[in-house]
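The next block holds one structure in the form of structure tokens; read it before the comments.
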Amino acid sequence: MRAVLREPLLHFALGGALIFLAAGLGGERGGAAPDRIVVTTGRIEGLAAGFARSWQRPPTPAELDGLVDDWIRDEIYTREALALGLDRDDKVVRRRLREKMEFLIEDATAGAPPSEAELAAFLAAHPERFREEPRLSFRQVYLNRDRRGAGAADDARVLRVRLAAAGPDADLAAAGDGLMVPGDVEAMPASEVARLFGDGFAAALDGLEPGRWAGPVESGYGLHVVLLRRRDAGRLPALDEVRPVVTREVLAARRARMAAAAYRELRARYEVVVERPAGTTIAATTVDVPSESR
Numbered sequence: 001m002r003a004v005l006r007e008p009l010l011h012f013a014l015g016g017a018l019i020f021l022a023a024g025l026g027g028e029r030g031g032a033a034p035d036r037i038v039v040t041t042g043r044i045e046g047l048a049a050g051f052a053r054s055w056q057r058p059p060t061p062a063e064l065d066g067l068v069d070d071w072i073r074d075e076i077y078t079r080e081a082l083a084l085g086l087d088r089d090d091k092v093v094r095r096r097l098r099e100k101m102e103f104l105i106e107d108a109t110a111g112a113p114p115s116e117a118e119l120a121a122f123l124a125a126h127p128e129r130f131r132e133e134p135r136l137s138f139r140q141v142y143l144n145r146d147r148r149g150a151g152a153a154d155d156a157r158v159l160r161v162r163l164a165a166a167g168p169d170a171d172l173a174a175a176g177d178g179l180m181v182p183g184d185v186e187a188m189p190a191s192e193v194a195r196l197f198g199d200g201f202a203a204a205l206d207g208l209e210p211g212r213w214a215g216p217v218e219s220g221y222g223l224h225v226v227l228l229r230r231r232d233a234g235r236l237p238a239l240d241e242v243r244p245v246v247t248r249e250v251l252a253a254r255r256a257r258m259a260a261a262a263y264r265e266l267r268a269r270y271e272v273v274v275e276r277p278a279g280t281t282i283a284a285t286t287v288d289v290p291s292e293s294r
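The opening position of the sequence shown corresponds to residue 1 in my numbering, with each subsequent residue numbered one higher.
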């Protein structure tokens with residue numbers, strides 16, 4: 001295939017076809033006046049400003065002439081390509097045009113900032129998005145099972161008794177084996193505890209009585225003697241605590257709702273015919289309105 005693409009005859013044929021199409025297009029236009037391209041003062045100022053942003057200086061007269069000539073060339077080729085229908089089966093062009101339409105719709109539907117009542121209602125309707133998870137504060141001493149062998153569990157029980165005698169604030173400097181995780185953990189989210197120590201360790205902590213040394217408790221590293229200091233239950237924060245996040249979510253929901261409505265209106269302007277291949281089933285397309293708007 002690559003050898004075919006490198007054939008000079010193929011290049012000649014493709015070039016000839018393009019010239020033929022362009023000539024044919026010109027023939028269709030006949031003696032009509034040529035398309036008019038106006039390079040406005042605002043366009044020239046925009047080209048100069050773009051050059052200045054890139055090069056940190058204004059363009060020279062010659063450079064500005066070059067920018068204008070390049071813009072005219074771009075405009076001519078764009079118009080001719082569209083006239084030839086070169087955009088119709090180009091996925092990149094279609095995707096970019098769709099993105100620009102969606103951006104236009106989003107800009108048009110931005111609207112006013114959400115009201116206090118709208119924010120409060122959204123927070124009440126979607127508490128799971130903003131609820132703070134439980135947090136755990138604890139101390140832990142690690143015992144390396146590989147290093148201690150079969151006696152690791154017994155060592156953990158002996159250490160638990162010794163730490164219980166010393167109390168909740170026992171000195172842990174010389175206790176246990178080294179591990180690159182903190183020995184004293186303060187208000188760590190439960191999901192982070194599970195990520196750092198493992199799900200089994202986090203579940204075991206949830207069942208401990210605060211203020212008492214317990215163990216051995218197993219983690220992904222090995223065995224631990226643990227003292228749970230405090231378990232802070234998850235809660236739904238007040239609106240003032242999460243106002244920026246709720247505002248962002250409300251605006252996103254509003255944009256999605258308005259974009260869906262705009263697409264429905266555009267879709268209604270078209271008669272859509274789906275020619276299904278024999279033996280296949282294609283579900284009818286629908287526009288789903290996000291639940292926030294219901």
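For each residue, glycine too, the CB sits at the ideal point set by N, CA and C.
Computed from a prediction, not measured in an experiment: that's the story for all the values here.
| Check | Outcome |
| --- | --- |
| Locate the beta strand (DSSP E) running through Leu227, then write down its first and last residues. | 223-232 |
| Given 8 Å as the limit, is there contact between the segment 166-179 and the segment 114-128, that is, 3 or more CB pairs closer than that? | no |
| Answer with buried or exposed for Pro216, where buried requires no fewer than 16 other C-beta atoms within 10 angstroms of its C-beta. | buried |
| Quick check on DSSP: helix, strand or coil for Phe130? | coil |
| Identify, in the order they occur along the chain, each residue of the same chain with its Cβ nearer than 6 Å to the Cβ of Ala261, setting aside the five sequence neighbours on each side. | none |
| How far does the alpha helix (DSSP H) with Asp184 in it reach, from first residue to last? | It is not in any alpha helix (DSSP H) - Asp184 instead sits in the beta strand (DSSP E) that spans 184-189. |
| Counting pairs of beta carbons, one from the segment 205-215 and one from the segment 142-160, are three or more of them closer than 8 Å? | yes |
| Please list the terminal residues of the continuous beta strand (DSSP E) segment that includes Ala214. | 213-218 |
| Does any heavy atom of the ligand ATP sit closer than 7 Å to the C-beta of Met180? | For the structure depicted, the ligand ATP is absent and the ligand set is empty, with no information on it obtainable. |
| Write down the C-beta distance between Glu118 and Val245 rounded to the nearest angstrom, noting that I regard them as a contact closer than 8 Å. | Their Cβ separation, rounded to whole angstroms, is 14 Å, which puts Glu118 and Val245 out of contact at 8 Å. |
| Taking 8 Å as the limit between beta carbons, can you name the residues of its chain near Ala278, skipping five residues before and five after? | none |
| For Gln140, list the residues DSSP reports as bridge partners. | Val226 |
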